[in-house]
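Protein chains: 2
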Amino acid sequence: MSGTHSNTLIRKLHALFPLSAEEVAVLEHACSRMREFAGDVDIVTEGDRPSDCNLLLQGITCRYKLLPDGKRQIMSFHCAGDIFDAQSFILEVMDHSIGTLTPCKVALIPHRTMLDITERYPHIARAVWKDTLIDAAIFREWMTSIGRRSSYQRIAHLFCELYLKMKTVGLTEDHIFPWPITQTEIGDALGMSNIHVNRTLKELRGEGLIVLKDRRLIIKDWEGLKEAGQFDPAYLHLRPADEPARAAGGGERIAPQ
Amino acid sequence: MSGTHSNTLIRKLHALFPLSAEEVAVLEHACSRMREFAGDVDIVTEGDRPSDCNLLLQGITCRYKLLPDGKRQIMSFHCAGDIFDAQSFILEVMDHSIGTLTPCKVALIPHRTMLDITERYPHIARAVWKDTLIDAAIFREWMTSIGRRSSYQRIAHLFCELYLKMKTVGLTEDHIFPWPITQTEIGDALGMSNIHVNRTLKELRGEGLIVLKDRRLIIKDWEGLKEAGQFDPAYLHLRPADEPARAAGGGERIAPQ
DNA sequence: CGGGGCGTTGACTGAGATCAATTATGGTGG
DNA sequence: CCACCATAATTGATCTCAGTCAACGCCCCG
């Protein structure tokens with residue numbers, strides 16, 4: 001397959017770090033083949049040594065770890081455009097699993113291709129690197145949520161984050177977006193019980209901030225939700241809309257003072 | 001300054017991803033100058049746009065975020081050999097702060113140098129990238145600890161992790177290593193109150209697992225501590241001692257099957 | 001000798017986990 | 001179209017871990 005399916009990725013990377021036409025073309029030909037998965041199955045499992053990176057084209061996945069006592073921690077959610085295991089071509093052994101929450105389509109990029117591309121196109125390397133660094137920034141923010149925010153704040157914060165993530169790749173409409181994530185999964189992501197998630201959602205509904213219905217989340221009061229979750233999008237490192245894109249293919253990148 | 005002080009870094013990177021003599025030489029000349037800090041001050045502050053990366057030569061630092069309501073989340077601890085803000089040359093704006101816990105010495109690597117090096121030496125880029133990916137893996141593990149492990153497990157887990165981190169750069173002796181971290185700081189790292197940290201430490205002491213005295217941690221029962229913390233070092237991605245180092249400077253890297 | 005930071009301990013309180021049902025919801029086959 | 005089943009959501013009652021408040025001891029340092 002060639003690049004028709006990687007547009008979401010291009011769009012996202014481009015938003016992070018503008019690439020030249022040649023660089024975009026390289027990326028579009030990087031995907032060797034496509035795979036489909038049912039909902040609720042593993043794409044990659046802890047301990048695996050994958051030979052490809054996965055680019056999510058459709059559906060929602062989560063990154064998680066299972067503890068010896070059966071508890072689960074979900075560490076991130078992913079949507080179209082995410083290379084959710086970019087790290088696998090550098091770290092070799094997976095220290096966690098990736099599972100689907102809905103039926104999913106992914107494109108495969110062989111590790112060998114990743115190696116070639118990142119050696120020959122430092123800008124692409126830096127764009128993908130940047131993407132993994134933003135993932136890390138999101139991990140840190142989640143850590144902060146779980147460690148120091150109340151349940152109410154945590155859930156509000158998660159809603160804000162996923163709204164912006166989905167908006168970036170065009171999956172939102174007004175303030176409405178798909179929400180296939182169950183309450184138990186929210187709990188496993190935020191370190192709380194499914195029961196408590198349920199009660200907290202009721203509160204958020206009661207405050208008129210959100211409506212969660214038919215697997216879709218409606219944000220009724222964006223400002224209110226942001227405040228409820230102490231949400232500051234800085235950690236997502238989205239390029240502010242008013243910042244001019246760096247000349248594509250240019251050789252330098254200077255932080256604006 | 002030239003490379004005499006960057007040996008710890010070289011040692012660490014080398015352990016992650018063997019480099020050629022030329023590559024090592026490049027790294028040794030990357031540091032432009034050195035700075036010293038007192039204990040309990042910020043090296044980098046949230047919102048900054050640093051122009052250099054910091055390589056920690058001596059002392060202990062932490063990565064943290066302050067919340068609007070005054071709560072603090074510590075997201076990592078760092079010791080000699082850590083480039084604790086490698087991300088800053090790609091992400092530009094700091095989304096968190098770095099503070100010293102003890103007096104510290106750091107070497108500065110200008111972002112411009114980082115850009116040059118990572119463009120011209122893809123192996124170095126990959127080594128530093130790998131380092132940032134391991135940081136991310138540690139974030140994920142902390143998230144798991146905070147979200148799903150009991151206080152007792154969390155503290156045991158933290159002790160195990162820092163022991164191995166320090167051991168890698170030669171800061172341990174038998175099972176003893178410096179512990180300048182206060183109970184309040186442990187609490188801010190693990191999402192618990194200083195009082196509860198105190199009580200949990202008492203428990204760990206009572207079980208004969210550790211002794212914390214004179215700012216030094218003594219692990220009395222390594223196997224017991226690992227078990228108490230459900231500690232599995234896989235997420236640190238340390239190269240197993242028996243795995244032969246890749247030929248330095250070689251052009252490929254193939255995951256052993 | 002006095003004060004500030006850190007550690008320790010006790011008593012009280014509360015957010016959120018656990019246990020136990022009950023009620024949607026959606027997909028399946030008859 | 002409906003009975004059936006599994007999954008998810010909801011609600012109530014109870015319990016517990018850990019946070020908060022308050023006090024005190026220790027030690028270092030000026």
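Residue numbers (my numbering), protein chains in the order written: chain H, 1 to 257; chain D, 1 to 257.
Heads up, the beta-carbon is just placed ideally off N, CA and C, and yes, glycines get one too.
State buried or exposed for residue i, treating a residue as buried only when at least 16 other CB atoms are found within 10 Å of its CB.
{"i": "H:T182", "result": "exposed"}
{"i": "D:K202", "result": "exposed"}
{"i": "H:E36", "result": "exposed"}
{"i": "D:K213", "result": "exposed"}
{"i": "D:A21", "result": "exposed"}
{"i": "D:I176", "result": "exposed"}
{"i": "D:V41", "result": "exposed"}
{"i": "D:G250", "result": "Reliability fails at D:G250, whose pLDDT of 40 lies under 50, so the model's placement of it is uncertain and the value that follows must be treated cautiously. That one is exposed."}
With a threshold of 7 Å, establish whether the CB of residue i neighbours any heavy atom of the ligand GDP.
{"i": "H:E161", "result": "The ligand GDP is absent from the structure shown, which contains no ligands of any kind."}
Once you ignore the five residues that flank residue i on each side, which residues in its own chain have a CB closer than 7 Å to its CB?
{"i": "D:D221", "result": "G208, L209"}
{"i": "D:F84", "result": "N54, L56, T61, R63, H78, I98"}
{"i": "H:P180", "result": "I60, L101, T102, R215"}
{"i": "H:I218", "result": "H175, I176, I210, V211"}
{"i": "H:P178", "result": "L171, R215, R216"}
{"i": "H:Q58", "result": "A80, C104, K105"}
{"i": "D:I254", "result": "For D:I254, the pLDDT reaches just 37, beneath the cut-off of 50, and the residue's location in the model is therefore unreliable, although a value from the coordinates is still provided. Cβ neighbours of D:I254 beyond the five flanking positions: none."}
Can you grab the Cα-Cα spacing for the pair residue i / residue j, in whole Å?
{"i": "D:P122", "j": "H:D116", "result": "10 Å"}
{"i": "H:Y152", "j": "D:T8", "result": "44 Å"}
{"i": "D:N194", "j": "D:T184", "result": "5 Å"}
{"i": "H:P233", "j": "D:H111", "result": "24 Å"}
{"i": "H:H237", "j": "H:H14", "result": "13 Å"}
{"i": "H:R72", "j": "D:L67", "result": "27 Å"}
{"i": "D:G39", "j": "H:K65", "result": "36 Å"}
{"i": "D:V128", "j": "D:K226", "result": "29 Å"}
{"i": "D:G229", "j": "D:T144", "result": "12 Å"}
{"i": "H:S88", "j": "H:M34", "result": "18 Å"}
{"i": "D:M75", "j": "D:H96", "result": "9 Å"}
{"i": "H:V106", "j": "H:D52", "result": "11 Å"}
{"i": "D:T200", "j": "H:T200", "result": "29 Å"}
{"i": "D:R140", "j": "D:T45", "result": "23 Å"}
{"i": "H:I146", "j": "H:I186", "result": "12 Å"}
{"i": "H:R205", "j": "H:V24", "result": "43 Å"}
{"i": "H:P18", "j": "D:I90", "result": "13 Å"}
{"i": "D:V197", "j": "H:K165", "result": "36 Å"}
{"i": "D:R120", "j": "H:K130", "result": "18 Å"}
{"i": "D:F231", "j": "H:E173", "result": "44 Å"}
Closer than 6 Å by C-beta to residue i: which residues in its own chain qualify, once you throw out the five before and the five after it? Chain order, please.
{"i": "D:E92", "result": "R49"}
{"i": "D:S32", "result": "L108, P110"}
{"i": "D:A125", "result": "T118"}
{"i": "D:Y235", "result": "A137, E141"}
{"i": "H:A86", "result": "C53, V128, T132"}
{"i": "H:M192", "result": "S151"}
Taking the alpha carbon of residue i as the point to measure from, which residue in the options has its own alpha carbon closest?
{"i": "H:C62", "options": "H:H14, H:L162, H:L217, H:T118", "result": "H:L162"}
{"i": "H:G224", "options": "H:A189, H:F177, H:H157", "result": "H:H157"}
{"i": "D:D188", "options": "D:M166, D:R148, D:V211, D:W142", "result": "D:W142"}
{"i": "H:V211", "options": "H:I186, H:G191, H:F159, H:G70", "result": "H:F159"}
{"i": "H:G47", "options": "H:P18, H:L16, H:M94, H:D69", "result": "H:M94"}
{"i": "H:D69", "options": "D:V41, D:G70, D:C104, D:S150", "result": "D:S150"}
Quick one, are the C-beta atoms of residue i and residue j less than 8 Å apart?
{"i": "D:D82", "j": "H:A136", "result": "no"}
{"i": "H:T168", "j": "H:K12", "result": "yes"}
{"i": "H:L171", "j": "H:A30", "result": "no"}
{"i": "H:L27", "j": "H:I10", "result": "yes"}
{"i": "H:R148", "j": "H:L190", "result": "no"}
{"i": "H:L133", "j": "D:T132", "result": "yes"}
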